[in-house]
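Keeping their order, the protein sequence lines are chains C and E. Using the working numbering, the first residue of the first sequence is number 482, and each one after it goes up by one. Using the working numbering, the first residue of the second sequence is number 482, and each one after it goes up by one. Glycine included, C-beta positions come from ideal geometry on N, C-alpha and C.
2 protein chains.
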Amino acid sequence: MERKNIVNTRYITFEGPGSQLLLDSGQKLTAVTIAYETYGNLNKKRDNTVLIFHALSGDAHAAGFNSESDKKPGWWDIMIGPAKPFDTDKYFVICSNVIGGCKGSTGPSSINPETKKPYGLSFPEITINDMLKPQKKLLEHLGIEKLFCIAGGSMGGMQALQWIVAYPETAKGAIIIAAAAGHTAQQIAFNSIGRYAIISDPAWNNGNYYDKSCMGKRPDIGLSIARMIGHITYISEELMHKKFGRDFINKNRIKKSFIDFTKEFEVESYLYYQGESFIKRFDPNSYLYITKALDNFNLSQGYKNLVEAMSRVKSRCLVLSFKSDWLYPGQQSMQIVKALKINGVDTTYVDLDLPYGHDSFLIEDKKLISLVKGFTGGLED
Amino acid sequence: MERKNIVNTRYITFEGPGSQLLLDSGQKLTAVTIAYETYGNLNKKRDNTVLIFHALSGDAHAAGFNSESDKKPGWWDIMIGPAKPFDTDKYFVICSNVIGGCKGSTGPSSINPETKKPYGLSFPEITINDMLKPQKKLLEHLGIEKLFCIAGGSMGGMQALQWIVAYPETAKGAIIIAAAAGHTAQQIAFNSIGRYAIISDPAWNNGNYYDKSCMGKRPDIGLSIARMIGHITYISEELMHKKFGRDFINKNRIKKSFIDFTKEFEVESYLYYQGESFIKRFDPNSYLYITKALDNFNLSQGYKNLVEAMSRVKSRCLVLSFKSDWLYPGQQSMQIVKALKINGVDTTYVDLDLPYGHDSFLIEDKKLISLVKGFTGGLED
């Protein structure tokens, strides 16, 4: 049996003078911890780093296994490893958990050093731009000034977009997948109903549920509803129907003694499972803060328009969207591409014909892999 | 000031020997009440009746005003009235509330004659086909055997589909708008999350909330979440973005003393309002029963396939879908049309280029009006 590629999540806390994180809101966060993983080795020229940004429910664990007993590898293992697009024989790959998250980086469930209690809603509002700041600090800590490439899908793609505008001198290439320069009303609407479900759950208790002193539980129902809504939007109608169709869990439809309103169809059972597994691994307050950062994200803000914002970009760009992604439709990627092209940025755009919907970037596919590989290969010239 | 066209909702209760309603489940409902409205007059030949079917949240009040103080007319007033497609100078138009509903027809909030208490979950499971049965009885009561036309959008369209298969000898014409012969996994998924939100609301109390003895309230939060989810799916992404974009309610974004997770964007306020207004007029248990009937609807059931089911049809058909309707995409209407055409049924199909999404059938539009008018006019030949 092949030995698993074991990787350890590491943590860094920025402490001491000048280490405070100044947020876009003007508020400050002290003693910020960032969880991160690295794969491959930094070369002598310190110019082979690939910075990976995760999506809403992702974390620092992008590749390999954290222990021998782990059944699944990191969330972008299809991309990161020897001979893969982010080839760890060539590149030094870094992925960190965003602030506001709940996978090791400072977020609302972290202990506020001033009160010695979880932040809860005393955690300050954060932006996509704020998420980048500790990642930049982490790079400085690791002695890395220049990046070979940055990459991410969905919220990861938005971080990549923000990065090439905020730190235009740093990244040679940027891969922006299934993203947008700003949410549409519908994208905001889906997130907002999820947030409404969480804050309407009596167990949410205004964000103070960590000690389970209110009702003895967390707002799990609200979070699972939010996740179920999200999950519908992440996969294509076609894939969902192909997977589940109108199939019943109980194929013989044996009469039950009650009307089962939510677990009679296969697709219902699947969604319910998605909700149940999510509540075990995610913090409801983190869901509020991160989706709010997503909805507030507007790359044009502070500029006349998107074209002006993109005038700062110096990275070569690969922009990908998926024909079956109805949550982040191709036209949003087209807006990004147009703004880049108007500024003369070397940009490749492909609207990939993959059937999986928004989550296509997480699924192993030859076309996707070869496009990303081709782009990183081209950056080496 | 023009006097309003006042119409009264009427009620009929089927009582006495042989009046029980035998449901598809094998269960029986006694003393079923149906709320209905009529517009125009039945002619001497008794062949000018148009039967209108309402959608999920609709009711018997399809046209005119119930009182002088009513601000809005019935839900399909654009279609019903003098010189309108369902011309009340020519046709006798009937619309009734479905069983399982909460607008006057017997449903889970009605008093069970046996227990003298609201049915709650003791109300039997119903199907789209079951919804037709008391409507057929109502026609018999009114002395109507033949229908000039039947028509409906969304769930109303599904009732029309079921009608032309269940009672093929009755309707000369059938107008089926934005409907499907069976829900896809995604359509089931959206409804199911709404149901999950309702039954997870502690105030639902297993359907026993009518006396508010549990927590002093109804499962309003669950129902409003269900409605908010539904509402996103009823309107097009384009319309939603045109209406609200990324606009903030508080245009100057004056700093609040708290983070507002759900009511900062215009679109959030709009959805919240949709939820709030819905809970005032709809019964959460009715929402469960009716959406379940929608998800269970499968016109092919009991037949080899849809083509065989449609072999029963003798009505001339007009099938309409809307290009911007992403909930009930055109291809579902195409399936219906193909099955009708294979059977040689005289069928007209138009995929209308209206921008409003699934709810386009409720919005006044020249193209829509003239198509329906043209179809009813053609039926007169």
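With DSSP as the reference, label residue i as helix, strand or coil.
i: residue 513 of chain E; result: strand
i: residue 683 of chain E; result: helix
i: residue 579 of chain E; result: coil
i: residue 641 of chain E; result: helix
i: residue 621 of chain E; result: helix
i: residue 714 of chain C; result: helix
i: residue 708 of chain C; result: helix
i: residue 607 of chain C; result: coil
i: residue 494 of chain E; result: strand
i: residue 769 of chain E; result: helix
i: residue 593 of chain E; result: strand
i: residue 729 of chain E; result: strand
i: residue 671 of chain E; result: helix
i: residue 746 of chain C; result: strand
i: residue 820 of chain C; result: helix
i: residue 696 of chain E; result: coil
i: residue 676 of chain E; result: helix
i: residue 720 of chain C; result: helix
i: residue 762 of chain E; result: helix
i: residue 810 of chain C; result: coil
i: residue 840 of chain C; result: helix
i: residue 647 of chain C; result: helix
Report the residue from the options whose alpha carbon sits nearest the alpha carbon of residue i.
i: residue 764 of chain E; options: E/702, E/492 and E/622; result: E/702
i: residue 631 of chain C; options: C/623, C/651, C/624 and C/674; result: C/651
i: residue 758 of chain E; options: E/704, E/487, E/842 and E/598; result: E/704
i: residue 503 of chain C; options: C/681, C/606, C/684 and C/785; result: C/606
i: residue 466 of chain C; options: C/551, C/722, C/856 and C/592; result: Here chain C covers residues 482 to 862 and nothing more, so residue 466 of chain C does not appear.
i: residue 784 of chain C; options: C/694, C/830 and C/646; result: C/646
i: residue 589 of chain C; options: C/513, C/822 and C/740; result: C/513
i: residue 794 of chain C; options: C/547, C/616, C/649 and C/488; result: C/649
i: residue 729 of chain C; options: C/756, C/738, C/743 and C/717; result: C/743
i: residue 490 of chain C; options: C/807, C/575 and C/822; result: C/575
i: residue 713 of chain C; options: E/520, E/779, E/623 and E/808; result: E/808
i: residue 636 of chain C; options: C/836, C/775, C/844 and C/849; result: C/775
i: residue 546 of chain E; options: E/682, E/723 and E/520; result: E/520
i: residue 848 of chain C; options: C/835, C/860, C/862 and C/858; result: C/835
i: residue 739 of chain E; options: C/812, C/798, C/819 and C/602; result: C/602
Which partner residues does residue i have in the DSSP bridge list?
i: residue 561 of chain C; result: C/567
i: residue 487 of chain E; result: E/546
i: residue 799 of chain E; result: E/656 and E/829
i: residue 533 of chain E; result: E/576 and E/632
i: residue 555 of chain E; result: Per DSSP, none; premise fails for residue 555 of chain E.
i: residue 520 of chain C; result: C/574
i: residue 502 of chain C; result: C/510
i: residue 598 of chain C; result: C/593
i: residue 779 of chain C; result: C/663
Do residue i and residue j have their C-beta atoms within less than 8 Å of each other?
i: residue 781 of chain C; j: residue 787 of chain C; result: yes
i: residue 642 of chain E; j: residue 657 of chain E; result: yes
i: residue 639 of chain E; j: residue 655 of chain E; result: no
i: residue 523 of chain C; j: residue 573 of chain C; result: yes
i: residue 715 of chain E; j: residue 634 of chain E; result: no
i: residue 802 of chain E; j: residue 846 of chain E; result: no
i: residue 629 of chain E; j: residue 777 of chain E; result: no
i: residue 800 of chain E; j: residue 828 of chain E; result: yes
i: residue 585 of chain C; j: residue 544 of chain C; result: no
i: residue 841 of chain E; j: residue 805 of chain E; result: yes
i: residue 625 of chain E; j: residue 527 of chain E; result: yes
i: residue 495 of chain C; j: residue 531 of chain C; result: no
i: residue 487 of chain C; j: residue 550 of chain C; result: no
i: residue 663 of chain C; j: residue 824 of chain C; result: no
i: residue 678 of chain E; j: residue 698 of chain E; result: no
| the segment 501-511 of chain C in contact with the segment 533-543 of chain C per 3-pair CB rule at 8 Å | no
| said: I'd like to know if the segment 555-573 of chain C and the segment 603-611 of chain C are in contact, where contact means that at least 3 CB-CB pairs between them fall below 8 Å. | reply: no
| message | Is it the case that the segment 731-740 of chain C contacts the segment 659-678 of chain C, given that we only count it when at least three CB pairs across the two stretches are under 8 Å? | response | no
| Three or more C-beta pairs below 8 Å linking the segment 741-759 of chain C and the segment 580-597 of chain C | no
| said: For the pair the segment 766-777 of chain C and the segment 701-717 of chain E, tell me if three or more CB-CB distances fall below 8 Å. | reply: no
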